[in-house]
Amino acid sequence: MESGSAPRLLVVVNAHSREGAARAEPALAELRAAGFDCLVLRAQTHEEVGDWIARHAAGAAGVVAVGGDGTANLVAQGAMASKLPFGLIPAGTANDLARTLGLPTEPVAAARVIAAGRRRAIDLGEVNGRFFFNVASLGLSVQLARRLDRDTKRRFGRFGYWIVCARVFFGVRRFRALIAADGTVVRVKSLQIAVGNGRFYGGGLAVESSAQIDDGCLDLYSLEFAHPWKLVAMARDFLVGRHGLWREVRVLRAEKFEIRTRAPRAINADGEIVGRTPATFVVHRGALEVFA
């Protein structure tokens with residue numbers, strides 16, 4: 000960046016999200032009014048984002064995602080690779096990362112957070128080479144992710160999670176898995192195993208009541224009850240992260256987990272299917288600087 004030139008931000012907008020496009024314009028106007036030169040990519044595919052960030056990273060002041068948790072996850076991969084700070088204008092269905100970071104959801108207010116320039120270092124989770132902010136999981140959440148299509152998100156917003164959940168609720172079955180952490184191995188029959196890096200996921204559910212995105216730990220829970228209807232009884236406890244108080248819910252905290260299943264099972268990370276078991280989950284302390 001030349002002396003006296005405006006600081007440049009690389010801004011990635013999810014081109015498939017009408018909400019993202021609508022929120023991008025006032026946010027960009029606020030950032031430009033604050034003195035930033037904004038280079039914008041309206042991303043059509045996942046593949047183009049990382050290359051675009053890498054090509055324009057030299058001299059940039061940061062990378063900003065305009066979108067939901069999936070877009071944030073994708074853009075953060077590029078920010079990490081380019082060693083640039085990361086900013087977020089929330090424009091998704093759940094906005095769990097924004098909730099974890101305490102960011103405003105109104106686009107101009109979120110842009111002002113970036114313009115103020117205050118940063119904090121946060122942890123990133125990693126599963127089989129893929130980074131995640133919020134949660135990586137297998138089981139019930141994968142079925143939800145597969146059925147929560149773009150049309151459902153647009154029509155119902157965050158309530159789409161609950162609508163899809165009702166559709167898959169009674170068809171889910173437990174699976175066998177082996178969980179290894181801190182030299183201990185346990186065998187489980189579970190409806191879902193989730194490993195959280197941040198605090199919130201799934202539209203406002205809490206991973207664990209004391210979980211933080213900068214605590215240097217991963218929080219795991221495994222739902223080991225036989226009847227899915229118990230999820231209804233547990234709903235309030237999931238909202239505040241007290242589901243671990245139920246005897247059928249196993250909770251563990253560690254810096255690394257290994258999970259194996261009899262047959263390969265898909266893994267959902269921040270709303271995207273990213274791989275299959277066997278899987279290794281690790282935490283990277285203070286791996287990413289964010290505007291917050």
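Under numbering that gives the first Met the number 0, the residue at position 257 of the sequence shown is numbered 256, and the numbers go up by one with no gaps. We put the CB at the ideal spot given by N, CA and C, even for glycine.
About 6 Å separates the Cβ atoms of V112 and L102, confirming a contact at the 8 Å cut-off. When Cβ pairs closer than 8 Å are counted between the two stretches, the stretch 199 to 214 is seen to touch the stretch 116 to 133, the count reaching three or more.
For P25, the enclosing alpha helix (DSSP H) begins and ends at 17 to 32. By the Cβ rule, the stretch 243 to 255 does not count as touching the stretch 51 to 58, because fewer than three pairs are nearer than 8 Å.
The beta-bridge partner set that DSSP reports for H283 consists of L123. Distance between A179 and E29, taken at the CA atoms: about 48 Å. Counting every other CB atom within 10 Å of its CB across the protein chains shown gives G128 a total below 16, marking it as exposed. Take A97, set aside five residues on each side of it, and the residues of its chain with a beta-carbon closer than 7 Å to its own are L87, P89, T104, in chain order. For N94 against D269, the beta-carbon gap comes to about 12 Å, at or over 8 Å, which does not count as contact.
In this structure, DSSP gives R241 a state outside helix and strand, which the three-state scheme calls coil. Cβ atoms of V74 and I272 stay farther apart than 8 Å, at about 18 Å. The C-alpha of R31 is placed about 13 Å away from the C-alpha of S4. As for any alpha helix (DSSP H) of minimum length 4 sitting wholly inside the stretch 45 to 83, the runs are 46 to 55, 68 to 81, ordered along the chain.
Q191 is classed as buried because its beta carbon has at least 16 other beta carbons within 10 Å across all chains shown. By the neighbour-count definition (other C-beta atoms within 10 Å, threshold 16), L27 is a buried residue. For D95, the enclosing alpha helix (DSSP H) stretches over residues 95 to 100.
A straight line joining the alpha-carbon of G195 with that of V107 spans about 29 Å. Non-local beta-carbon contacts of G67 in its own chain, meaning distances under 7 Å to residues more than five positions away in sequence, involve A90, G91, T92, A93, N94 in chain order.
A Cβ-Cβ separation of about 7 Å places A225 in contact with R173 under the 8 Å criterion. Here the alpha carbon of L137 sits roughly 43 Å from the alpha carbon of A33. For the 9 Å CB-CB criterion, A64 and A71 form a contact. Within the model, the alpha-carbon separation for R17 versus R186 is close to 44 Å. If you check the CB distance, C37 and V10 come in under 9 Å.
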